[in-house]
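Everything below concerns the one structure shown next.
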Amino acid sequence: MASGRADTIRVPAGYKATPFIPWGTPISGSYPGFLDDASNSAQDQAEQIGMHHDGMHFFPIDAQFGFGGGHISNHGLLVR
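Numbering of the sequence shown is given in the working numbering, commencing with residue 13 and proceeding in unit increments.
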């Protein structure tokens, strides 16, 4: 892929990008999600996924196969 400065997500041909947990997603209880007019209070935002968390990774934990064994894992660590 050629380099660029556009504020967009670019994906090589044959690949697909899907948001995993977008900005404003509530992370606890019944707090509201991101409001389209950006009027969420600081308290609302403290209970939502924030911006710039694109460095998140899921590390599967599986007692039978260990880390990264290539098998499906129902348990893991989501780290930033």
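Even for Gly, the Cβ is constructed at its ideal location relative to N, Cα and C.
G88: first and last residue of the uninterrupted beta strand (DSSP E) it sits in: H87 to V91
Short Cβ contact (7 Å threshold) for G88 with F71: yes
C-beta atoms of Q55 and G36 nearer than 7 Å: no
CB of M13 within 7 Å of CB of P24, strictly: yes
Sequence-distant residues of the same chain with beta carbon closer than 7 Å to H69, five excluded per side: V91
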